[in-house]
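Remarks on the structure that follows.
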Amino acid sequence: MKLILTADVDNLGVPGDTVEVKDGYGRNYLLPRGLAIVATRGAEKQVEGIRRAQEARAVRGLDHAKELKAEIEGLENVSLTVKTAGDTGKLFGSVTVADVAGAVKAAGGPVVDKRSLKLPKAHIKATGKHAVVVNLHPDVVAKFTLNVVAG
Numbered sequence: 006m007k008l009i010l011t012a013d014v015d016n017l018g019v020p021g022d023t024v025e026v027k028d029g030y031g032r033n034y035l036l037p038r039g040l041a042i043v044a045t046r047g048a049e050k051q052v053e054g055i056r057r058a059q060e061a062r063a064v065r066g067l068d069h070a071k072e073l074k075a076e077i078e079g080l081e082n083v084s085l086t087v088k089t090a091g092d093t094g095k096l097f098g099s100v101t102v103a104d105v106a107g108a109v110k111a112a113g114g115p116v117v118d119k120r121s122l123k124l125p126k127a128h129i130k131a132t133g134k135h136a137v138v139v140n141l142h143p144d145v146v147a148k149f150t151l152n153v154v155a156g
């Protein structure tokens, strides 16, 4: 089965790559999850658009990663307002990496890919200050403090 990847798939390729996979893997895993589309003439024309979108989001080398690190670590007040479940500081839900990426952008920082963010645990479930790590490049890691505030 010939497919065009729309997302990064480990051990297979990056968005825009045309790959040949077994029918079951493509039909039961890649297509239902939206990781790939069937390679047709129309889809092959979309490959260029997929690649352009990926390049716009990607960190362009070590120098660009260092610039982003300085920008992220220069942010002074990255805060996120959430609903709490009382005076104990526990949250009704939890703060996810997508919420943190939105808070960085709202604080005036660069657009950060949520897959590059690492929270102290899988999700933040209490108010207060939390250390967040951003893997921008294999050699560049930015750190900042997220302040989760009750709203």
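Heads up: the sequence shown at position 19 corresponds to 24 in this note's numbering, and the numbers run straight through without jumps. Built from N, CA and C at the ideal position, the CB exists for glycine as well.
### Query
When burial is assigned at 16 or more other CB atoms within 10 Å of the CB, is residue 31 buried or exposed?
buried
#### Entry: Nearest-angstrom Cα separation, counted from residue 142 out to residue 66
8 Å
#### Entry: Through-space distance from residue 117 to residue 139, alpha-carbon basis
8 Å
### Message
Rounded to whole angstroms, what is the Cα-Cα separation between residue 115 and residue 70?
### Response
11 Å
### Query
Does the stretch 92-106 touch the stretch 127-135, meaning 3 or more C-beta pairs lie closer than 8 Å?
yes
### Query
In terms of residue numbering, what span does the alpha helix (DSSP H) encompassing residue 74 cover?
66-78
### Task
Using three-state DSSP, classify residue 106 as helix, strand or coil.
helix
### Task
Could you tell me how far apart the beta carbons of residue 135 and residue 109 are, in whole angstroms, since I believe they sit closer than 8 Å?
No, residue 135 and residue 109 are not in contact; Cβ-Cβ is about 13 Å, not under 8 Å.
### Query
Once you ignore the five residues that flank residue 80 on each side, which residues in its own chain have a CB closer than 8 Å to its CB?
109, 112, 113, 114 and 149
### Query
Could you check where the beta strand (DSSP E) with residue 119 kicks off and where it finishes?
Neither: residue 119 is in no beta strand (DSSP E) and is coded neither H nor E.
### Message
For residue 35, report the span of its beta strand (DSSP E) as first-last.
### Response
No beta strand (DSSP E) contains residue 35, which DSSP labels as neither H nor E.
### Message
For residue 140, report the span of its beta strand (DSSP E) as first-last.
### Response
133-142
#### Entry: Contact under 9 Å by Cβ, residue 12 with residue 41
yes
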